[in-house]
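This report refers to the structure that appears directly beneath it.
In our numbering, the protein residues as written are 16 to 144.
Set out below in structure tokens:
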């Protein structure tokens, strides 16, 4: 019985460490916003504030109520926290903001030639071509 318990414990530890190795490293690889990126900002506590914005040449976005704010150079989670903090000053019910990248403006390729869908295509990371 004692040997079975040790084997079970060893197995569970092995599985636990194996799963830790598979855990995503999102923080290390989180996308950094750049000029030209188009984003959506969603406030689940007040959907009337939801909006879309494009990061301008100065690295800023314009949001209703908040106004201009620097966003280029920030990660998505940093910008989400910054927007939620500023919005909560105007509307205390708003405590969270969800930022999503709709279009990666700085990483754009133009597809031409005899293809089905020519034109600009955007990518989070530039593919090898």
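Even glycine gets a Cβ: it sits at the ideal position worked out from N, Cα and C.
How far does the beta strand (DSSP E) with residue i in it extend, from its first residue to its last?
i, result
"residue 118", "113-118"
"residue 78", "75-78"
Just the C-alpha distance for residue i and residue j, rounded to the nearest angstrom, thanks.
i, j, result
"residue 79", "residue 66", "8 Å"
"residue 64", "residue 108", "12 Å"
"residue 50", "residue 112", "20 Å"
"residue 46", "residue 18", "48 Å"
"residue 91", "residue 128", "35 Å"
Evaluate residue i with the Cβ neighbour count: other Cβ atoms within 10 Å of its Cβ, from every protein chain shown; 16 or more gives buried, anything less gives exposed.
i, result
"residue 130", "exposed"
Quick one: what's got a C-beta closer than 7 Å to residue i's C-beta in the same chain, skipping five residues either side?
i, result
"residue 117", "53, 54, 55 and 67"
In the structure shown, what three-state DSSP assignment does residue i receive?
i, result
"residue 68", "strand"
"residue 147", "In the structure as shown, the chain starts at 16 and stops at 144, and residue 147 therefore has no counterpart that could be examined."
"residue 81", "coil"
Could you name the residues of the same chain whose beta carbon sits closer than 8 Å to that of residue i, not counting the 5 residues immediately before and after it, in chain order?
i, result
"residue 81", "98, 101, 102 and 105"
Within the same chain, show all residues whose beta-carbon is closer than 6 Å to that of residue i, passing over the 5 residues directly before and after it, in chain order.
i, result
"residue 125", "135"
"residue 115", "55"
Does any CB atom of chain D fall closer than 9 Å to the CB of residue i?
i, result
"residue 63", "The chain inventory of the structure shown lacks chain D, comprising one protein chain alone."
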